[in-house]
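Enquirer: Got a structure for you, written out below as structure tokens; questions coming shortly.
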Amino acid sequence: MAPYQFIERPTPFNTKGGSTLPIFAVTPAHIETGTIDPIALDWAKKAGYKAESGSLLLIPTAAGHLGGALFGLGANPSEQPYITGKLARSLPAGDWHIETAPLTANRLSLGFGLGSYRFDRYRSDKQAAATLMIPRDADGADIKRQLAGVFLARDLINTPTNDMGPEQLEAAFRGLAEHYKAEMSVTIGDDLLKENFPLVHTVGRASVDAPRLLELRWGKKGHRKVTLVGKGVCFDTGGLDIKPASSMLLMKKDMGGAANVMGLALMIMDAKLKVELRGYIAVVENSFSANEVRPGGDFNQSPNISCE
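Numbering-wise, my numbering comes out as the position in the sequence shown, counting from 1, plus 348.
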């Protein structure tokens, strides 16, 4: 599987093989009853380790080198199925594998992968990270598929508007459609009025980047229909109801609905689910101009319905 991603990123999983260090994911009961590796148990007792939720204890070898790690799951690990996300950020860089754990291999691996996410597109000092060998009994393809969808959505949301305006979001949407051989259509600018999408046009008409409605179509007719709709406001100034700086700072995330539609669509298409998929995102930048929406205005959203 080679899913489309907005930003190419290294995998959080070890794909080259070779030697790996063990992770013992344990509960307090494992320490109390001694039902773990004896060397790890001895070190845990000497260190007073209690296997509290999210706690990490590195295990040295007899020569003083790094030999493994104990990771605490707490007394009820089922309450935090993706707690291994903490491992991805707390383990030293290197290659690791899960030696023992009371959680399913899929949850352990997916949790680690989710926790490994970093948005470092604009950083030059990219740091080495820990990688995990996916357990043999885990569904590696499904785990990577879910991570690709989540990371795509996160990358799109985290990218600032100067690099993720309406044109760039359309380009990312088009790249996703092309990768999975989906059909795509774009209704842009004044064509929105002709096609009876007046409010999309109204919200985005003040921007130098024209508002647009993007549609993705994938799957066979006759299969169960699934339709995803997401809001793609690449930046929301609040228009002439101008927001204070504190409320405007993170408004690049106002296209999060569109990003999630794209991430979920990636998962559906990559898994080749038997559905007839439709994805719609209205993409605009709510900016300032002489033709900006005025507070209290009345606008037609269809021939018989208007809104204030």
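Where a beta carbon is used, it is the ideal one built from N, C-alpha and C, also for glycine.
How big is the Cα-Cα spacing for Met-349 and Asn-652?
Expert: Below a pLDDT of 50, predicted positions are generally treated as unreliable, and Met-349, at 42, falls in that range; the measurement from the model is reported next regardless. Approximately 48 Å, taken between the alpha carbons.
Enquirer: How many angstroms separate the CA atom of Lys-664 from the CA atom of Met-610?
Expert: Nothing in the structure corresponds to residue 664, since the chain is present only between 349 and 656.
Enquirer: Relative to the alpha-carbon of Glu-515, which residue among Phe-583, Gly-459, Lys-620 has its alpha-carbon at the smallest distance?
Expert: The shortest C-alpha separation from Glu-515 is found at Phe-583.
Enquirer: If you compare alpha carbons, which of Arg-469, Lys-434, Ala-613, Leu-404 is closest to Ala-530?
Expert: Ranking the options by Cα distance to Ala-530, first place goes to Ala-613.
Enquirer: Alpha carbon to alpha carbon, how far is Leu-405 from Leu-418?
Expert: Each residue's Cα considered, the two are about 5 Å apart.
Enquirer: What residues in its chain sit with their C-beta under 8 Å from that of Ala-476, if we drop five residues either side in the sequence?
Expert: Ala-441.
Enquirer: Given this structure, state the Cα-to-Cα distance separating Gly-513 from Gln-494, to the nearest angstrom.
Expert: Roughly 25 Å between the two C-alpha positions.
Enquirer: Extract the residue ranges of the beta strand (DSSP E) inside the segment 415 to 495, only unbroken runs of 3 or more that lie entirely within it.
Expert: Segments of the beta strand (DSSP E) lying fully in the segment 415 to 495: 442 to 448, 478 to 481.
Enquirer: Under 8 Å by Cβ, that's how I've got Asn-544 and Ile-491 pegged, so tell me the actual separation to the nearest angstrom.
Expert: Not really, about 42 Å apart at Cβ, beyond 8 Å.
Enquirer: How far does the beta strand (DSSP E) with Pro-643 in it extend, from its first residue to its last?
Expert: Element bounds for Pro-643: n/a, residue is neither H nor E.
Enquirer: Report yes or no: do three or more beta-carbon pairs, one from the segment 593 to 600 and one from the segment 518 to 528, lie closer than 8 Å?
Expert: At 8 Å Cβ cutoff, the stretches do not touch.
Enquirer: My understanding is that Leu-435 touches Ile-371, with C-beta atoms under 8 Å, so please give their C-beta distance in whole angstroms.
Expert: Rounded, the Cβ-Cβ distance is 7 Å, consistent with contact.
Enquirer: I need the straight-line Cα distance from Pro-408 to Asp-385, nearest angstrom please.
Expert: Their backbone Cα atoms lie some 14 Å apart in a straight line.
Enquirer: Which residues in the same chain as His-571 place their Cβ atom closer than 6 Å to its Cβ, once the five residues preceding and following it in sequence are excluded?
Expert: The residues are Lys-622, Val-623, Glu-624.
Enquirer: Roughly how many whole angstroms lie between the Cα atoms of Arg-437 and Pro-360?
Expert: Between Arg-437 and Pro-360, the C-alpha separation is close to 11 Å.
Enquirer: If you reduce the DSSP assignment to three classes, tell me which class Arg-522 lands in.
Expert: The answer is helix: DSSP assigns Arg-522 an H, G or I state.
Enquirer: Helix, strand or coil for Pro-559 per DSSP?
Expert: Coil.
Enquirer: Are Ser-719 and Ala-554 touching if we call contact CB-CB under 8 Å?
Expert: Only positions 349 to 656 of the chain appear in this structure, which leaves residue 719 out of reach.
Enquirer: Is Asn-510 helix, strand or coil when you go by DSSP?
Expert: Reduced to three states, the DSSP call for Asn-510 is helix.
Enquirer: Please confirm if the segment 497 to 505 is in contact with the segment 458 to 477, defined as three or more CB-CB distances below 8 Å between the two stretches.
Expert: They touch, by the three-pair rule.
Enquirer: Indicate whether Val-534 and Arg-502 have their beta-carbon atoms separated by less than 8 Å.
Expert: Not a contact, by the Cβ cut-off of 8 Å.
Enquirer: Does the beta-carbon distance from Val-631 to Leu-517 come in below 8 Å?
Expert: The answer is yes: Cβ separation under 8 Å.
Enquirer: Please report how far the alpha carbon of Pro-643 lies from the alpha carbon of Asp-443, in whole angstroms.
Expert: Roughly 57 Å between the two C-alpha positions.
Enquirer: Which same chain residues, not among the five before or five after Gly-567, have their C-beta less than 6 Å away from its C-beta?
Expert: Taken in chain order, the residues that qualify are Val-623, Glu-624, Leu-625.
Enquirer: Helix, strand or coil: which one does DSSP assign to Pro-360?
Expert: Note: Pro-360 maps to coil in three-state DSSP.
Enquirer: Measuring straight from C-alpha to C-alpha, what distance separates Ser-472 and Asp-511?
Expert: Each residue's Cα considered, the two are about 18 Å apart.
Enquirer: Classify Thr-578 as helix, strand or coil using the three-state DSSP reduction.
Expert: Reading off the sequence, residue 578 comes out as Gly, not Thr. Of the three classes helix, strand and coil, the one that applies to Gly-578 here is strand, per DSSP.
Enquirer: Quick one: what does DSSP say Ser-367 is sitting in, helix, strand or coil?
Expert: It is coil, neither helix nor strand.
Enquirer: Would you call Arg-608 buried or exposed, if buried means 16 or more other Cβ atoms sit within 10 Å of its Cβ?
Expert: In the sequence on display, residue 608 carries Asn and not Arg. Classification of Asn-608: buried, given that the 10 Å Cβ count is 16 or more.
Enquirer: Can you tell me whether DSSP reads Pro-592 as helix, strand or coil?
Expert: In the structure shown, Pro-592 sits in coil (DSSP, three-state: anything other than H, G, I, E or B).
Enquirer: Can the beta-carbon of Ala-399 be found closer than 8 Å to that of His-378?
Expert: Their beta carbons are under 8 Å apart, which means Ala-399 touches His-378 by this criterion.
Enquirer: If you follow the beta strand (DSSP E) that Thr-550 is part of, which residue opens it and which one closes it?
Expert: Taken as a continuous stretch (DSSP letters only), Thr-550 belongs to no beta strand (DSSP E), being part of the alpha helix (DSSP H) at 546 to 552.
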